[in-house]
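**Q** The following block contains the structure, expressed as structure tokens.
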Amino acid sequence: MSELVSESSAGSELVSESLAGSELVSESSAGSELVSETGLSLTAGEQSMTINGGNVVYEILGDTGQLIALTPGGRFSKDIPGLRPLAEALVEGGYRVLLWDRPNCGKSDVQFYGQSESHMRAETLYKLVTALGEGPCIILGGSGGARDSMLTTMLYPEIVRKLVVWNIVGGVYGSFVLGGHYVTPSILAVRGLGIEGLLSVPEWRERIEQNPANRRRLLDLDVDEFLKVMLRWLNAFVPKPGQTIPGVPDEMFDNITVPTLIIRGGENDWDHPKRTSLEVHCLIKGSALIEPPWPEDAWERAGERFAQSGGKTFCLFDTWVQAAPAILDFLGK
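Shown next, in the form of structure tokens:
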């Protein structure tokens, strides 16, 4: 299946192939929905591009200024609460902002290839920005999006003008939690029920609800190849000497030479440790490190509120908009 390819074959695809093979679905008219030829229901401003055999949904906010590619964490979509207020604040500051549903997120197609999921996302963002003719641009990301953004800068420095990251995941707890949450359930489902078992995993059911074509994409996967990719992705979250962030050798930080701003992790944040942000600051030569613009315990308190709501009221990224002034100040220098 096209979306389940080896790391080597994915990495060898030429930019020209990406551009020639990209299918662009025009944005819908204001106030209406556009159903593309692929069956995607796009709202006003949304567009879709085929990258590496899968549809990637995105939108660009703002009309003028340099482009910022903004990436959230987890497998959350571009519409996750807390992300758009930050994007809108950056637009008010004179920039355009690219919001995108990464593969396996939101309305985009599910895809499984690459050394890790973040490597797959980095390649996708590179091809998206290149196909749009927007490189070099500014790359911003928080939590898992910080890792995606740093990897994009390491692997494809030619499309990056400046880099800003926050809530950087690291440490034994932070890494193990991600592997257990995002990879292990799919492995258990497939080992127990075959590829059809993926349809019982809540996360993939959500992807099917937002993009019905994902049901067939999942069922068409080869069991052995899927498990091979999942084990590779899981291995990225196993803490190893010389890997400050999951699945990325420390030596790759030498590839980041653009101006970089790092927002320090919270004092007692187990998911995005203060220590990890300090180590990343040491690894990226010439980077700037600032104190978090939100309360020191913002992540822990948000996690409590989210849990108390029974997981129904997502608030983990609500404080991100508070970083807008510091980000705009850094970008203006």
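Per the UniProt record's numbering: the sequence shown = residues 1 to 333.
We treat Cβ as the ideally placed atom computed from N, Cα and C, and that holds for glycine.
Since this is a predicted model, take the numbers as computed values, not measurements.
Looking at C-alpha atoms only, which residue of Asn268, Gly62 and Gly106 is the closest neighbour of Leu40?
**A** When each option's Cα is compared against that of Leu40, the closest is Gly106.
**Q** In or out: Asn268 buried (at least 16 other Cβ within 10 Å) or exposed?
**A** Looking at its Cβ environment, which holds fewer than 16 other Cβ atoms inside 10 Å, Asn268 is exposed.
**Q** Whether or not the stretch 129 to 137 and the stretch 168 to 181 are in contact is what I'm after, with contact meaning three or more pairs of Cβ atoms, one per stretch, closer than 8 Å; do they touch?
**A** Result no; under three Cβ-Cβ pairs closer than 8 Å.
**Q** Threshold first: 4 residues or longer. Then list the alpha helix (DSSP H) segments lying entirely within the stretch 204 to 277, N to C.
**A** Complete alpha helix (DSSP H) runs here, min 4: 213 to 219 and 223 to 236.
**Q** DSSP three-state call for Trp100: helix, strand or coil?
**A** Trp100: strand per DSSP, three-state reduction.
**Q** In whole angstroms, give me the CA-to-CA distance for Val91 and Ile262.
**A** Taking the straight line from one Cα to the other gives about 21 Å.
**Q** Rounded to whole angstroms, what's the CA-CA distance from Gln322 to Val56? Just pull it up for me.
**A** Going by the C-alpha atoms only, they are around 28 Å apart.
**Q** If you draw a straight line from the alpha carbon of Lys240 to that of Ala146, how long is it in whole angstroms?
**A** Approximately 19 Å, taken between the alpha carbons.
**Q** Report yes if the CB atom of Ile245 is closer than 8 Å to the CB atom of Val280, and no otherwise.
**A** Yes. Within cutoff.
**Q** Give the C-beta separation of Val165 and Gly141 to the nearest angstrom, bearing in mind that I take them to be a contact with Cβ-Cβ under 8 Å.
**A** That belief holds up - the Cβ atoms of Val165 and Gly141 are roughly 6 Å apart, short of 8 Å.
**Q** Rank Phe76, Leu188 and Glu117 by C-alpha distance to the C-alpha of Val223 and give the top, closest one.
**A** Ranking the options by Cα distance to Val223, first place goes to Leu188.
**Q** Using the rule of at least 16 other Cβ atoms within 10 Å of the residue's Cβ for burial, across every protein chain shown, is His181 buried or exposed?
**A** Exposed, since its Cβ has fewer than 16 Cβ neighbours within 10 Å.
**Q** Tell me whether Thr276, by its Cβ, gets closer than 7 Å to a heavy atom of the ligand SAH.
**A** As for the ligand SAH, it is missing from this structure, which has no ligand bound.
**Q** Can you give, in chain order, each stretch of the beta strand (DSSP E) that sits fully within the stretch 36 to 120 and has at least 3 residues?
**A** Here the runs fully enclosed are 47 to 51, 54 to 61, 67 to 71 and 96 to 100.
**Q** Just to confirm the assignment: which complete alpha helix (DSSP H) runs, minimum length 4, are found wholly within the stretch 298 to 328?
**A** List check, alpha helix (DSSP H) in window: 298 to 308.
**Q** Taking the C-alpha atoms as reference points, what is the distance between Val110 and Arg191?
**A** So the two alpha carbons sit approximately 19 Å from each other.
**Q** Which residues does DSSP list as the beta-bridge partners of Trp294?
**A** None, per the DSSP bridge assignment.
**Q** Going by DSSP, what residue range makes up the alpha helix (DSSP H) through Leu193?
**A** It spans Thr184 to Leu193 - the alpha helix (DSSP H) in which Leu193 sits, taken as one unbroken run.
**Q** In angstroms, rounded to a whole number, what distance separates the CA positions of Asp250 and Ile68?
**A** When rounded, the distance between both Cα atoms is 26 Å.
**Q** Might you give, ordered along the chain, the residues of its own chain that have their beta carbon closer than 8 Å to the beta carbon of Ile290, omitting 5 neighbours on each side?
**A** These residues qualify, in order along the chain: Leu261, Ile262, Ile263, Arg264 and Ala326.
**Q** Where does Phe330 sit, in a helix, a strand or coil, going by DSSP?
**A** Correct three-state label for Phe330: helix.
**Q** Taking only the alpha-carbon atoms, compute the straight-line gap between Thr152 and Glu196 and give it to the nearest angstrom.
**A** Straight-line Cα distance between these residues: approximately 33 Å.
**Q** Can you list, in chain order, the residues of its chain with a C-beta nearer than 6 Å to that of Gly65? Leave out the 5 residues immediately preceding and following it.
**A** For Gly65, where only same-chain residues beyond five positions count, the Cβ hits under 6 Å are Gly94, Tyr95 and Arg96.
**Q** Mapping the DSSP letters down to three states, classify Gly197 as helix, strand or coil.
**A** Helix, per DSSP.
**Q** Which value, in whole angstroms, describes the spacing of the CA atoms of Glu206 and Pro293?
**A** Roughly 33 Å between the two C-alpha positions.
**Q** Among residues of its own chain, excluding the 5 on either side of Met230, which ones have a beta-carbon nearer than 7 Å to its beta-carbon?
**A** Within the same chain, Met230 has close Cβ partners Val183, Ser186 and Ile187.
**Q** Tell me the DSSP bridge mates of Ala122?
**A** Note: Ala122 sits in no beta bridge, so no partner.
**Q** Quick one: what does DSSP say Gly135 is sitting in, helix, strand or coil?
**A** It is coil, neither helix nor strand.
**Q** Which residue wins for smallest C-alpha separation from Phe317, given the options Thr43, Pro85 and Tyr156?
**A** Taking only the C-alpha atoms, the option nearest Phe317 is Pro85.
**Q** Tell whether a beta-carbon distance below 8 Å holds between residue 334 and Phe226.
**A** Because the chain spans 1 through 333 in this model, residue 334 falls outside it and cannot be assessed.
**Q** Rounded to the nearest angstrom, what separates Trp270 and Ala89 at their Cα positions?
**A** Whole-angstrom Cα-Cα distance: 28 Å.
**Q** What does a CB cutoff of less than 6 Å around Gly247 pick up in its chain, not counting 5 residues either side in sequence?
**A** Closer than 6 Å at Cβ, skipping near neighbours: Ser116 and Ala236.
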